[in-house]
Amino acid sequence: MTAAADIAPATSASLLQRAAAGNTLPILIVLGALLLVWYAFTVYLNAPWQIDAYARADTPWTAADLVRDTMAQERPVLPAPHQVAAEIWKTTAGTPITSKRSLFYHAWVTLSSTLLGFVIGTALGVLLAIGIVHNRAMDKSVMPWVIASQTIPILAIAPMIIVVLNAIGLSGILPKALISTYLSFFPVVVGMVKGFRSPEIIQLDLMRTYNAGGAQTFWKLRWPSALPYLFTSMKVAVAISLVGAIVGELPTGAVAGLGARLLAGSYYGQTVQIWSALFMAAALAALLVGIIGIGQRMVMARMGEKA
Amino acid sequence: MSGEVLVNANPAIRPVAASSSGSSDTVVEARGLGLTFETNDGPVRALSNVDLTVNKGEFVSFIGPSGCGKTTFLRVIADLEQPTEGEIHVNGLTPAEARRTRAYGYVFQAAGLFPWRTIEQNVALPLEIMGYARAEQRERVHRTLDLVNLAGFEKKFPWQLSGGMQQRASIARALAFDADLLLMDEPFGALDEIVRDHLNEQLLELWARTDKTICFVTHSIPEAVYLSTRIVVMSPRPGRVTDVIESPLPRERPLDIRESPEFLEIAHRVREGLRAGHGDD
Chain A
-3 MTAAADIAPA TSASLLQRAA AGNTLPILIV LGALLLVWYA FTVYLNAPWQ IDAYARADTP
57 WTAADLVRDT MAQERPVLPA PHQVAAEIWK TTAGTPITSK RSLFYHAWVT LSSTLLGFVI
117 GTALGVLLAI GIVHNRAMDK SVMPWVIASQ TIPILAIAPM IIVVLNAIGL SGILPKALIS
177 TYLSFFPVVV GMVKGFRSPE IIQLDLMRTY NAGGAQTFWK LRWPSALPYL FTSMKVAVAI
237 SLVGAIVGEL PTGAVAGLGA RLLAGSYYGQ TVQIWSALFM AAALAALLVG IIGIGQRMVM
297 ARMGEKA
Chain B
12 MSGEVLVNAN PAIRPVAASS SGSSDTVVEA RGLGLTFETN DGPVRALSNV DLTVNKGEFV
72 SFIGPSGCGK TTFLRVIADL EQPTEGEIHV NGLTPAEARR TRAYGYVFQA AGLFPWRTIE
132 QNVALPLEIM GYARAEQRER VHRTLDLVNL AGFEKKFPWQ LSGGMQQRAS IARALAFDAD
192 LLLMDEPFGA LDEIVRDHLN EQLLELWART DKTICFVTHS IPEAVYLSTR IVVMSPRPGR
252 VTDVIESPLP RERPLDIRES PEFLEIAHRV REGLRAGHGD D
């Protein structure tokens, strides 16, 4: 402990230096600017209701009162950042994780179907890409449908998927996950088709001179060539998987999950709750994309990529 | 090999052995070979009426301006292109059969190393594909990297090596599975003169040590004369052989042989051949 205290000044000095040298400082400046703008809008957007309230209660008010009160409303048009932060704190650290009031609980519900949908979607995307690259008929026939599938608004098709799957006895996590799958397979198909076709002609010719079979060419050349594309597609796919899971929770009257939390919030005008669920979703997306990024760096380092 | 073919009752194979002069010594034999590419601008005759025999242990260079079909001819030997006329045999087999018996190692213009594999893994690639045992793979990788003077670079990735070293690694990769025929398509074309000289010297040394047959495409006259026992001069539109020059130079060739009168005389003849081929355009 004392040792830690001894080195603390040095560490913080170097941290500060690193912050100034790297991109931490710019990020902090942008963040600060955003917060200022947010606070300004909080006052501006909540002021009409607050002034009405003063008038109804016949209370005299000053500008300072207005600023203070617009940031402390029960159901503000736009909650202040610190209100959202307090709500997030209360519903995460301040609530047992098993409670239905815990944001972690809801996040986990959404996360589980996100991950299931993402895994199925990635696998489906890779399989379709393999088919498309190796089979001319599939190249011609499947790709247009893959693209067409993404022109349908997910908000329109999500309730249909849920209703149809419920009718054949599938309920719970799977229908939601399938909506994630529906969204997430697309970037994987597109990315992997490009990835599997990325080997140079010289490399394919080389495999031919070795009389390599299709499977050997795939595993020793096409698959490693496509890996960078896979990770990039997976980053997109996992983020829209999360969107899919949340959308999947909206139309079903689901009782748990970030989507349900958003819906309930909007029913009861609980804007603070909506915003805290939104932030939780954003944090979740950042976490998932970050994890894939770490995986990418580890795999690419093993594949000899320049540091 | 010849005995096998002679007792073979298959009439499709018999004429090959019969027609070839000294069948066991003939590695590549082309008769009336032609290749026409169908392009959007109409047919392009890449090769026309090529007759050529390459014997075992020879170092044959193919030289000519771009578009003369020298690379195409090499690719036909390797079964990477299909001829449209005439016939060609590699070790008495069709190119496709020869490729399936892994009769040749091919060195491309670019090293074409797989960037995610280390140098030793790159050299081991053909061995993995051909199903060599692990221990044998290790031994062969070690031996061939030694042969091209790349010992000590086993664990490096391609981007950590210079262009010349990468090309040496790609030669090691082509040598690893001991094919008797080495097909080299302008392997040193992208390298600077000094590195090229050095690699030419090493290639001759390697050829002397391994007793391989080498077909070598180049557009450098000194390179062709320095390396070859025979120089095939080609000309474009349509790609055809205009001259075949036997080199009187000894097999052992120090770099300064390039100053000798014999060397300059052959170089002159090659240049004349190239100029004659250009006369019609």
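So the sequences go chain by chain: A and B.
Numbered according to my numbering, the first sequence spans residues -3 to 303.
Numbered according to my numbering, the second sequence spans residues 12 to 292.
Heads up, the beta-carbon is just placed ideally off N, CA and C, and yes, glycines get one too.
None of these values were measured; they are calculated from a predicted model.
Note to self: I want to verify the contact list: residues of chain A whose CB lies under 9 Å from the CB of Phe199(B), in sequence order.
What the structure shows: Under the 9 Å cutoff, chain A gives no residues; its nearest Cβ is about 16 Å from Phe199(B).
Check: List, in order along the chain, the chain B residues whose C-beta lies closer than 8 Å to that of Gln199(A)?
Finding: Gly123 and Phe125
Next item on the list: Using the Cα positions of Asp189(B) and Leu284(A), report the straight-line distance between them to the nearest angstrom.
Entry: 49 Å
Item checked: Cβ distance (whole Å) where Val10(B) is taken to contact Asn102(B) below 8 Å -> This structure leaves residue 10(B) out entirely; chain B is present only between 12 and 292.
Next item on the list: Ignore the nearest five residues each way along the sequence and tell me which others in Lys167(B)'s own chain have a CB closer than 7 Å to its CB.
Entry: Within the same chain, Lys167(B) has close Cβ partners Thr129 and Ile130.
Notebook entry, point to check: Just how far apart, CA to CA, sit Ser239(B) and Phe70(B)?
Noted result: 5 Å
Note to self: Under 7 Å, CB to CB, which of the residues in the segment 64 to 94 of chain B have a partner in chain A?
What the structure shows: Ala89 and Leu91
Note to self: On the CB-based measure, 16 or more other CB atoms within 10 Å of its CB, does Glu196(A) come out buried or exposed?
What the structure shows: exposed
Next item on the list: Just the C-alpha distance for Val255(B) and Cys226(B), rounded to the nearest angstrom, thanks.
Entry: 14 Å
Margin query: At 4 residues or longer, what runs of the alpha helix (DSSP H) sit wholly inside the segment 84 to 148 of chain B?
Written below: Runs found: 106 to 111 and 130 to 140.
Next item on the list: Check whether the Cβ atoms of Lys81(B) and Thr224(B) sit closer than 8 Å, and answer yes or no.
Entry: no
Next item on the list: Please report how far the alpha carbon of Pro126(B) lies from the alpha carbon of Met299(A), in whole angstroms.
Entry: 8 Å
Margin query: Comparing C-alpha positions only, which one of Ile277(B), Arg251(B) and Asp267(B) sits nearest to Ser258(B)?
Written below: Ile277(B)
Margin query: Does the contact criterion of 3 or more C-beta pairs under 8 Å hold for the segment 97 to 116 of chain A versus the segment 227 to 240 of chain A?
Written below: yes
Checklist line | Three CB pairs or more closer than 8 Å across the segment 104 to 117 of chain B and the segment 178 to 188 of chain A | finding: Note that the segment 104 to 117 of chain B does not touch the segment 178 to 188 of chain A; fewer than 3 beta-carbon pairs, one per stretch, sit closer than 8 Å.
Check: Considering Phe100(A), what are the terminal residues of the alpha helix (DSSP H) in which it resides?
Finding: Leu99 to His130
Notebook entry, point to check: Does DSSP put Val159(B) in a helix, in a strand, or in coil?
Noted result: coil
Check: By DSSP, does Ala278(B) sit in helix, in strand, or in coil?
Finding: Correct three-state label for Ala278(B): helix.
Notebook entry, point to check: Since Ala154(A) contacts Val243(A) with CB under 8 Å, what's their CB separation in whole angstroms?
Noted result: The pair is a contact, with the Cβ atoms about 5 Å apart (cut-off 8 Å).
Notebook entry, point to check: With 16 as the cutoff for other CB atoms within 10 Å, does Asp52(B) come out buried or exposed?
Noted result: With fewer than 16 neighbouring CB atoms inside 10 Å of its own CB, Asp52(B) falls in the exposed class.
Checklist line | Cβ pair Ala9(B), Leu217(B) closer than 8 Å | finding: No answer is possible for residue 9(B): the residues shown for chain B start at 12 and end at 292.
Notebook entry, point to check: Does the beta carbon of Ile295(B) sit closer than 8 Å to a beta carbon anywhere in chain A?
Noted result: Outside the displayed range of chain B (12 to 292) lies residue 295(B), so it cannot be described from this structure.
Checklist line | Per DSSP, the bridge partner or partners of Leu53(B) | finding: Position check: residue 53(B) holds Gly in this sequence, whereas Leu was assumed. DSSP output for Gly53(B) lists Thr50(B) as bridge partner(s).
Checklist line | chain E contact residues for Leu192(B), given Cβ-Cβ distances below 7 Å | finding: Going by chain labels, chain E is absent from the structure shown, which instead holds the protein chains A and B.
Check: In chain B, which residues lie less than 9 Å from Gln292(A) when you measure between Cβ atoms?
Finding: Those within 9 Å of Gln292(A) in chain B number zero; the least Cβ separation is about 13 Å.
Next item on the list: Mind checking who Cys226(B) pairs with in its DSSP beta bridge?
Entry: The bridge partners DSSP lists for Cys226(B) are Val71(B) and Leu194(B).
Next item on the list: Starting from the beta carbon of Arg204(A), find every residue of chain B whose beta carbon is closer than 7 Å, and list them in chain order.
Entry: Leu91
Next item on the list: Using DSSP bridges, identify the partner residues of Ser246(B).
Entry: Arg251(B), per the DSSP bridge assignment.
Margin query: When you compare the CB positions of Tyr237(B) and Arg280(B), do they come within less than 8 Å of one another, or not?
Written below: no
Note to self: Using only the alpha-carbon positions, how far apart do Arg257(A) and Leu238(A) sit?
What the structure shows: 14 Å
Next item on the list: Count the other C-beta atoms from every protein chain shown that fall within 10 angstroms of the C-beta of Ala208(A), then say buried if there are 16 or more, exposed otherwise.
Entry: buried
Notebook entry, point to check: Where does Thr58(A) fall in DSSP's three states?
Noted result: coil
Check: Closest Cβ-Cβ distance between Arg111(B) and chain A: below 8 Å?
Finding: yes
Note to self: Please classify Met294(A) as buried or exposed, where buried requires at least 16 neighbouring CB atoms within 10 angstroms.
What the structure shows: exposed
Item checked: Residues, ordered as in the chain, of the segment 167 to 194 of chain A that lie near chain B by beta-carbon distance below 8 Å -> none
Check: Which residues, taken in chain order from the segment 155 to 171 of chain B, show a beta carbon closer than 7 Å to some beta carbon of chain A?
Finding: When C-beta distances to chain A are compared with 7 Å, the residues of the segment 155 to 171 of chain B below that value are Phe168 and Trp170, in chain order.
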